[in-house]
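Position one of the sequence shown corresponds to residue 5 (the numbering used here), numbered consecutively onward. Ideal Cβ positions, reconstructed from N, Cα and C, are used throughout, including at glycine.
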Amino acid sequence: MTRPASGALEVLRKTFGYPAFRGPQQDIISHVSGGGDALVLMPTGGGKSLCYQVPSLIREGTGVVVSPLIALMQDQVAALELLGVGAAFLNSSQDAQTARAVENALLAGKLDLLYVAPERLTTPRCLELLSKCPIALFAIDEAHCVSQWGHDFRPEYLQLSILHEQFPNVPRIALTATADPQTRTEIVSRLALEEARIFVSSFDRPNIHYAIVDKQDPRAQLLRFIREEHAGDAGIVYCLSRRKVDETAAWLAGQGINALPYHAGMDADSRRDHQARFQREEGVVMVATIAFGMGIDKPDVRFVAHLDLPKSIEGYYQETGRAGRDGLPADAWMTYGLADLVLQRRLIDQSEASEEFKRVSGSKLDALLGLCETAGCRRVRLLGYFGEQGGPCGNCDTCLEPPETYDATDEARKALSAIYRTGQRFGAVHVIDVLRGKGGDRVSRWGHDKLGVFGIGAEIDEVAWRGVFRQLVALGFVHVDHESHGALKLTAASRAVLKGEQSVEMRRVVARKRAAPATRVTAAAALSGEEVNLFDRLKAWRAAEARSQSVPAYVVLHDSTLAEIARRRPGDLDALATIGGIGAKKLEKYGAALLGLVSGHVVESP
Ligand code: ADP
Ligand code: ZN
């Protein structure tokens with residue numbers, strides 16, 4: 005699109021309505037606008053989109069965005085159109101006629117941005133089309149999809165090196181929120197980005213509050229968490245299996261929560277429908293396997309809950325990162341217990357993968373267990389894993405309520421002895437019964453009520469013993485043998501503990517008390533009563549507006565924009581224009597309605 009050359013800041017302010025760039029955005033934008041290649045590693049919610057959208061508006065020609073997320077292209081394009089940007093997409097969801105109209109708009113120079121699915125982009129027809137018009141840049145979103153080690157491998161991404169061969173003079177910018185060095189190296193080599201400048205942002209998401217709780221009655225814990233801290237909020241609940249997704253969603257729905265299931269075993273129509281409802285309606289809780297979520301750019305997801313342990317810190321970070329992209333307070337919450345750990349270990353041990361892959365998977369799981377078991381700040385652990393240093397954050401469960409740690413050497417020795425004396429043939433439930441002196445049928449059948457270890461741990465309750473066993477496994481003193489039905493076995497490392505040569509420090513796990521009331525600030529709590537009224541009215545207006553345009557509410561305006569309007573109550577268009585998220589186009593389109601709501605809200609009655 006031809007437009008007078010304008011500076012990046014001017015585009016940011018006029019088109020997007022934001023006063024300033026965030027973090028490294030400015031450097032990235034000026035590098036790419038100047039024709040350089042870039043690899044951008046930035047956390048979810050960090051603001052990656054502007055890094056290619058602004059240069060696409062500044063440079064001559066169309067910015068071509070490769071994205072694997074067909075289902076989301078439509079919303080992205082709608083959001084850009086609302087900003088007055090010429091945007092369109094090409095993917096398999098369109099009929100031939102619509103696709104041809106997009107191609108014509110491209111050839112006529114009417115598009116600032118074109119979103120294309122990777123399998124479409126690499127067809128001869130599409131490459132031929134692109135060679136006929138000026139291209140501002142190629143943006144390769146979710147670039148980690150090129151990595152075969154990664155969690156989202158897309159074979160189509162391997163073809164993308166063709167862009168460099170066919171369009172050597174067009175700058176390319178690859179973006180991802182996956183940080184580990186292995187993936188980074190792979191992106192560089194597979195996309196031929198050796199010359200690219202690499203921009204690495206901090207991976208901290210300060211608005212996310214992390215909490216990992218001892219799994220005791222997971223459904224009830226989840227329900228309480230949603231009801232007490234997130235009533236009416238949009239959120240995602242991750243489960244490991246499809247069956248558990250279906251059961252959990254149905255159960256939550258039965259409890260009056262607006263919950264929907266999502267997993268790869270559902271038919272494509274229901275999946276699409278549920279995803280669209282999650283994106284567009286307010287307050288939907290999506291219960292899903294990890295098949296759901298990549299690139300979900302819904303900014304107002306207020307919580308991500310894990311009912312099962314993910315495979316690695318990368319996975320945990322990616323999944324939890326979908327919360328709070330709008331920068332408002334959000335929760336990452338997980339229940340975790342011995343069975344999770346055992347299951348993940350078994351999945352690794354019994355997989356068909358190479359020994360090398362199993363070894364890498366095992367050490368990734370260990371790092372995640374370290375995060376679960378730490379008595380220190382969760383964020384310090386999380387960021388430390390990605391190579392970042394920092395102090396305690398004050399916004400995670402262990403910072404806000406430091407867990408008690410204790411010298412558990414005695415308990416550890418009792419547990420290890422009980423495992424040994426019962427022949428290393430039983431799981432935790434049985435061994436705990438023996439320790440607590442519970443002489444049920446099973447215990448007496450094996451004669452375990454006659455053992456010296458019978459009842460030596462009677463003074464400790466079952467919940468606490470489960471915590472001890474879980475930590476023994478996580479710390480590597482006990483091994484769960486899947487070949488013999490999950491029997492606990494001693495490892496070489498346990499010998500020093502048994503012999504009294506090594507002490508063991510543990511977190512104290514106690515039976516659940518009532519959770520302390522949340523001390524954190526929520527979006528609504530940051531507003532006074534009067535402001536909340538206006539905020540609610542703005543939201544109602546936005547809902548109607550979104551419905552009439554059939555776009556998600558946040559495409560009209562973000563919560564953070566509405567909250568700022570409610571707080572500052574702009575009296576005229578100039579004042580309204582200074583609110584974050586109000587650019588020229590939205591000012592023109594919604595200015596009068598918003599000012600009417602602000603001035604009328606005191607006198608008007610609903
Ligand atoms: P990512 O793709 O990195 O997850 P997005 O590009 O979706 O992140 O941006 C996350 C949110 O931050 C969006 O709501 C976006 O509008 C907002 N945002 C990005 N850059 C800025 C900025 N400079 N000022 C204000 N808001 C911004
Ligand atoms: Zn912390």
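As assigned by DSSP and simplified to three states, the class of F171:
Within the sequence shown, numbered from 1, the residue matching residue 171 stands at position 167. F171 sits in coil when the DSSP states are folded into three classes, being neither helix nor strand.
Which residues in the same chain have their Cβ closer than 6 Å to the Cβ of I216, if we skip the five residues on either side of it in sequence?
Position 212 of the sequence shown, counted from the start, is the residue given in the question as residue 216. Closer than 6 Å at Cβ, skipping near neighbours: M338, Y340 and C376.
What does DSSP give as the partner residue(s) for D218 in the beta ladder?
The residue you call residue 218 lines up with position 214 of the sequence shown. Partner(s): Y340.
Could you compute how far the alpha carbon of E233 sits from the alpha carbon of A588?
Counted from its first residue, the sequence shown places residue 233 at position 229. Counted from its first residue, the sequence shown places residue 588 at position 584. One C-alpha to the other measures close to 36 Å.
Determine the direct distance from the alpha carbon of V602 to that of E146, and round the result to whole angstroms.
Taking the first residue of the sequence shown as position 1, residue 146 is located at position 142. Taking the first residue of the sequence shown as position 1, residue 602 is located at position 598. Between E146 and V602, the C-alpha separation is close to 40 Å.
Cβ-based neighbour list, Q163, same chain, cut-off 6 Å, excluding 5 preceding and 5 following:
Residue 163 sits at position 159 when you count from the first residue of the sequence shown. Excluding residues within five positions, the ones whose Cβ falls inside 6 Å are T126.
Can you name the start and end residues of the beta strand (DSSP E) that F157 belongs to?
Position 153 of the sequence shown, counting from 1, holds the residue named residue 157. Taken as a continuous stretch (DSSP letters only), F157 belongs to no beta strand (DSSP E), as it is neither H nor E.
Express the C-alpha separation of D411 and E463 in angstroms, rounding to a whole number.
Residue mapping note: residue 463 aligns to position 459 of the sequence shown, counting from 1. Residue mapping note: residue 411 aligns to position 407 of the sequence shown, counting from 1. Taking the straight line joining both Cα atoms gives about 16 Å.
Shorter than 7 Å, the distance from the beta carbon of R26 to the closest heavy atom of the ligand ADP, or not?
On the sequence shown, position 22 is the one that residue 26 refers to. Result yes, Cβ under 7 Å from the ligand ADP.
When you compare only the Cα positions, how much space is there between V560 and G269?
By one-based count along the sequence shown, residue 560 stands at place 556. By one-based count along the sequence shown, residue 269 stands at place 265. Spanning the two alpha carbons is a distance of roughly 33 Å.
Considering just the uninterrupted stretch of the beta strand (DSSP E) at K493, what are its terminal residues?
Here the question's residue 493 lines up with position 489 in the sequence shown. First-last of the beta strand (DSSP E) with K493: A491 to L494.
Taking only runs that begin and end inside the region 442-499, name each unbroken alpha helix (DSSP H) of 4 or more residues, in chain order.
Those alpha helix (DSSP H) runs which fall completely within the region 442-499 and span 4+ residues are 445-449 and 466-478.
Say yes only if the C-beta of T189 is nearer than 7 Å to one or more non-hydrogen atoms of the ligand ZN, and no if none qualify.
Against the sequence shown, residue 189 aligns to sequence position 185. The answer is no for T189.
Which class does P59 belong to by DSSP, given the choice of helix, strand or coil?
Taking the sequence shown and counting its residues from 1, one reaches residue 59 at position 55. If DSSP states are grouped into helix, strand and coil, P59 belongs with the helices.
What do you reckon, is the C-beta of K52 under 7 Å from a heavy atom of the ligand ADP?
On the sequence shown, position 48 is the one that residue 52 refers to. The answer is yes for K52.
Going by C-alpha distance, which of R188, L195 and P159 is nearest Q170?
Translated into the one-based positions of the sequence shown, residue 170 becomes position 166. Of the candidates R188, L195 and P159, the one whose C-alpha sits nearest the C-alpha of Q170 is L195.
Restricting to Cα atoms, I'd like to know which of E534, L332, G67 and A579 is closest to G39.
The count along the sequence shown starts at 1 and reaches residue 39 at position 35. Of the candidates E534, L332, G67 and A579, the one whose C-alpha sits nearest the C-alpha of G39 is G67.
Whole beta strand (DSSP E) runs in the region 280-343 with 3 or more residues, listed along the chain?
289-292, 305-310 and 334-340
Can you tell me which of the three DSSP states H213 falls into?
One-based indexing of the sequence shown puts residue 213 at position 209. DSSP places H213 in strand when its eight states are reduced to three.
Determine contact between the region 243-263 and the region 288-306, defined as no fewer than three beta-carbon pairs at a distance below 8 Å.
yes
So is the beta-carbon of T324 under 7 Å away from any non-hydrogen atom of the ligand ADP?
Against the sequence shown, residue 324 aligns to sequence position 320. False, no ligand heavy atom lies under 7 Å from that Cβ.
Bridge partner(s) assigned by DSSP for F93:
As a first step, residue 93 must be located in the sequence shown, where it is residue number 89. Beta-bridge pairing links F93 to Y119.
May I ask you to report which of helix, strand or coil DSSP gives I352?
Here residue 352 corresponds to residue number 348 of the sequence shown, with the count starting at 1. In this structure, I352 counts as helix in the three-state DSSP scheme.
What do you reckon, are the CB atoms on L117 and A109 nearer than 8 Å?
On the sequence shown, position 113 is the one that residue 117 refers to. On the sequence shown, position 105 is the one that residue 109 refers to. Going by C-beta atoms, L117 is not nearer than 8 Å to A109.
Just to confirm, are V174 and F142 a CB contact at a threshold of 8 Å?
As a first step, residue 174 must be located in the sequence shown, where it is residue number 170. As a first step, residue 142 must be located in the sequence shown, where it is residue number 138. Closer than 8 Å, so yes.
If you compare alpha carbons, which of A42, A12 and T409 is closest to P59?
As a position in the sequence shown, residue 59 is number 55, starting the count at 1. Closest option to P59, Cα to Cα, is A12.
Round the Cβ separation of M611 and S205 to the nearest angstrom and send it over; I've been treating them as touching at under 8 Å.
Examination of residue 611 is not possible in this model, given that the chain is present from 5 through 610 alone.
What do you reckon, is the C-beta of M510 under 7 Å from a heavy atom of the ligand ADP?
By 1-based counting over the sequence shown, the position of residue 510 is 506. Answer for M510: no, Cβ out of range of the ligand ADP.
With respect to 7 Å, is the separation between the Cβ of M46 and the closest non-hydrogen atom of the ligand PLP below this value?
In terms of ligand content, the structure shown lacks the ligand PLP and carries the ligand ADP and the ligand ZN instead.
Could you please give me the residues that DSSP links to E509 through a beta bridge?
Here residue 509 is taken as the residue at index 505 of the sequence shown, counted from 1. Answer by DSSP bridge pairing, in chain order: D411.
Contact under 8 Å by Cβ, Q4 with R511:
Here the chain comprises residues numbered 5 to 610, so residue 4 is not present and cannot be evaluated.
Buried versus exposed, by CB contacts within 10 Å (16 or more), L111:
In the sequence shown, counting from the first residue as 1, residue 111 sits at position 107. The residue in question, L111, is exposed, as its Cβ has fewer than 16 Cβ neighbours within 10 Å.
Measuring only the C-alpha atoms, how far is V346 from E359?
Counted from its first residue, the sequence shown places residue 346 at position 342. Counted from its first residue, the sequence shown places residue 359 at position 355. In a straight line, the C-alpha of V346 is about 19 Å away from that of E359.
Does the ligand ADP have even one heavy atom less than 7 Å from the beta-carbon of R209?
Within the sequence shown, residue 209 is the residue found at index 205, counting from 1. No; taking the cut-off as 7 Å, the Cβ of R209 has no heavy atom of the ligand ADP nearer than that.
Could you check which residue in D370, Q283, G366 and L577 has the C-alpha nearest to that of V555?
Locating residue 555 in the sequence shown gives position 551, counting from the first residue. Among D370, Q283, G366 and L577, the Cα nearest to that of V555 is on Q283.
DSSP-derived helix/strand/coil call for C400
Your numbering for residue 400 matches position 396 in the sequence shown. In the structure shown, C400 sits in a strand (DSSP, three-state: E or B).
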